[in-house]
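Counted from 1, the sequence shown has number 59 at position 59 by our numbering; the numbering is strictly sequential. Comments concern the structure below.
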Amino acid sequence: MRTPVIAGNWKLFKTSGEASELIKGLIPLVKDTTGVEIVVAPVFTVLDRVAQLTSGSAIKLSAQDCFWEEEGAFTGEISPKMLRDAGCSHVIIGHSERRQYFGETDETVNKKTKAAIAAGLTAIVCIGETLKEREDGIMNDVLMRQVSKGLEGLASFSNVIVAYEPVWAIGTGKTASDGQAQDAHKFIRQVIMDKFGNATAESTRILYGGSVKPENVKGLMEQPDIDGALVGGASLKADSFAAIVNFGK
Ligand code: PEP
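Okay, structure coming up:
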């Protein structure tokens, strides 16, 4: 039984006051929700504030990135240990925006994932093909490479969540159809099975991301290999994120 995860990626939005307002609005809307793991990923500067506000609630805190070293002369970076210290239980790794704009590769994703797990964080590892890769017919090769290299040599998978986010569906309003998303998730689970074994494939949560909204979450969540959602735009308002979290109600 894989507990569904709904995670909100706030990206580069929300100052401290705005983040407080969002969380204060969200808490009452999800306070009776059961059977769903709820995660929010604010910017680094408001982690501490959001940690204080979510304390005592079921909402878990994630960062949007981390470095792989614990400490040292690495100006501008933040370590998994520091994220734990700030109250995080999760961290997003290898988001397509980081791959696209900040030079993330499968190798850096792998190093970061290992470091995050070693520090006791749950890593939400993002993968997904671009529109060109899909149109060129190499989508499955890309997904297989991202899974194999990004998750290579992990000590354990119990703290790993995979997020399948087709790049062409992120922030564009274009969602993969339920069938397209299910096909990709099934393929990813098969790759995990081939590389890391049956038990790992069965227990690993695979989230869908890409313009998830209250209107389309239900159909996606009905697919057998979709175990939740990574939500960008629609996580920035309490009512739309709560409606996604409460997809089963
Ligand atoms: C994301 O940021 O991971 C994402 C899926 O964004 P959006 O929901 O806005 O497409």
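Ideal placement from N, C-alpha and C gives every residue a C-beta, glycine not left out. Note that the structure is predicted; figures quoted are calculated from it, not measured.
Considering residue i, what are the terminal residues of the alpha helix (DSSP H) in which it resides?
i: Thr54; result: 47-54
i: Val160; result: Not the alpha helix (DSSP H): Val160 falls in the beta strand (DSSP E), residues 160-164.
i: Leu26; result: 16-30
i: Glu202; result: 198-203
i: Leu220; result: 217-221
Would you check if the distance between the CB atom of residue i and the CB atom of residue j is smaller than 8 Å?
i: Leu220; j: Val212; result: yes
i: Gly210; j: Ala155; result: no
i: Gln146; j: Ile127; result: yes
i: Leu259; j: Lys24; result: Absent from the structure is residue 259, since the part of the chain shown begins at 1 and ends at 249.
i: Val40; j: Ile59; result: yes
i: Leu131; j: Ile161; result: no
i: Ala51; j: Pro80; result: no
i: Val167; j: Ala123; result: no
i: Met139; j: Glu129; result: yes
i: Ala181; j: Ile244; result: no
i: Val109; j: Met144; result: no
Starting from residue i, follow the beta strand (DSSP E) in both directions and report where the run begins and ends.
i: Asn9; result: 5-9
i: Arg2; result: Looking at the DSSP string, Arg2 is not in any beta strand (DSSP E), and its letter there is neither H nor E.
i: Ile238; result: According to the sequence shown, residue 238 is Ala rather than Ile. That residue, Ala238, is in no beta strand (DSSP E); its alpha helix (DSSP H) goes 238-245.
i: Leu253; result: For the chain, the structure presents residues 1 to 249; residue 253 sits outside this window and is missing.
i: Val40; result: 37-41
Could you tell me if residue i is buried or exposed, where buried requires 16 or more neighbouring beta carbons within 10 angstroms of its beta carbon?
i: Asp136; result: exposed
i: Gly150; result: buried
i: Asn9; result: buried
i: Glu202; result: exposed
i: Asp141; result: exposed
i: Lys112; result: buried
i: Pro42; result: buried
i: Ala73; result: exposed
i: Glu215; result: exposed
i: Asn198; result: exposed
i: Leu22; result: buried
i: Gly228; result: buried
Original post:
Going along the chain, which unbroken runs of the beta strand (DSSP E) with 3 or more residues stay wholly within the region 54-135?
Top reply: Secondary structure in the region 54-135: the beta strand (DSSP E) runs of 3 residues or longer, each lying completely within the stretch, are 59-63, 90-93, 122-127 in chain order.
**OP:** Jot down the residue ranges of each uninterrupted beta strand (DSSP E) in the region 139-195, minimum 3 residues, whole runs only, in chain order.
**Re:** Counting only runs of 3 or more residues that sit fully inside the region 139-195, the beta strand (DSSP E) segments are 160-164, in chain order.
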